[in-house]
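Enquirer:
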Amino acid sequence: MANVRGFNIPEDLHYDVKNHVWAKVLEDGTVKIGLDDVGQTLAKKILFVRIRKPGTKVPKGKALAVLESAKWTGPVPSPLSGEIVAVNEEIKKKPKLINEDPYGDGWIIILKPEKLKEDLKTLVTGEEALKAQEKDILERGIKKE
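Residue numbering for the sequence shown follows the numbering used here, starting at 1 and increasing by one per position.
#1: How would you label Asn-88, buried or exposed, when you count the other beta carbons within 10 angstroms and need 16 or more for buried?
#2: What span of residues does the alpha helix (DSSP H) with Asp-136 cover, start to end?
#3: At a cut of 8 Å, does the stretch 16–26 reach the stretch 48–58 through at least three beta carbon pairs?
#4: Taking the alpha helix (DSSP H) that Ile-179 falls in, what are its first and last residues?
#5: Count Cβ pairs between the stretch 128–144 and the stretch 89–97 that sit closer than 8 Å; are there 3 or more?
#6: Starting from Leu-120, trace the alpha helix (DSSP H) in both directions and tell me its first and last residue.
The structure is reproduced here in structure tokens:
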């Protein structure tokens, strides 16, 4: 896992850097999605999570969940189009898992993608993701607390 200006950024994930959402293609072809370390830092302590139900079709860019913290409420846009096949019930009970472990126990949903190859082309991974994250962090003046 790489460290970019104090933020943990796994190089093997695909990122929508603008929205600070990550995607990991699983062995069965589904995609696990969550908020990245920068996103959880910007949100601050997450107090409540509303997640769309399994079976819901979500177009790329539309909200798959809504997060609430003491000072912010906002959507988590889907980095891919597809159907939600699983949600992380644990983060409904313990939303701070997103803050504590954004790439592990803090994942949000699993999606069955409609246009995986096409949608992945719009995301960044590896060295390209690290550079894009650093650029965004610097441009927006984001600091790890």
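Each residue gets a CB set at the ideal place from its N, CA and C atoms; glycine is no exception.
Expert: Well, looking at it:
#1: What you label residue 88 is simply residue 88 of the sequence shown in a count that begins at 1. The residue in question, Asn-88, is buried, as its Cβ has 16 or more Cβ neighbours within 10 Å.
#2: Position 136 of the sequence shown, counted from the start, is the residue given in the question as residue 136. Element bounds for Asp-136: 126–140.
#3: Taking a cut-off of 8 Å on C-beta distances, the stretch 16–26 does not touch the stretch 48–58, as fewer than three cross pairs fall below it.
#4: Past the boundaries of the shown model lies residue 179; the chain is included only from 1 to 145, so the question cannot be answered.
#5: no
#6: Taking the sequence shown and counting its residues from 1, the one referred to as residue 120 is at position 120. Residues 116–120.
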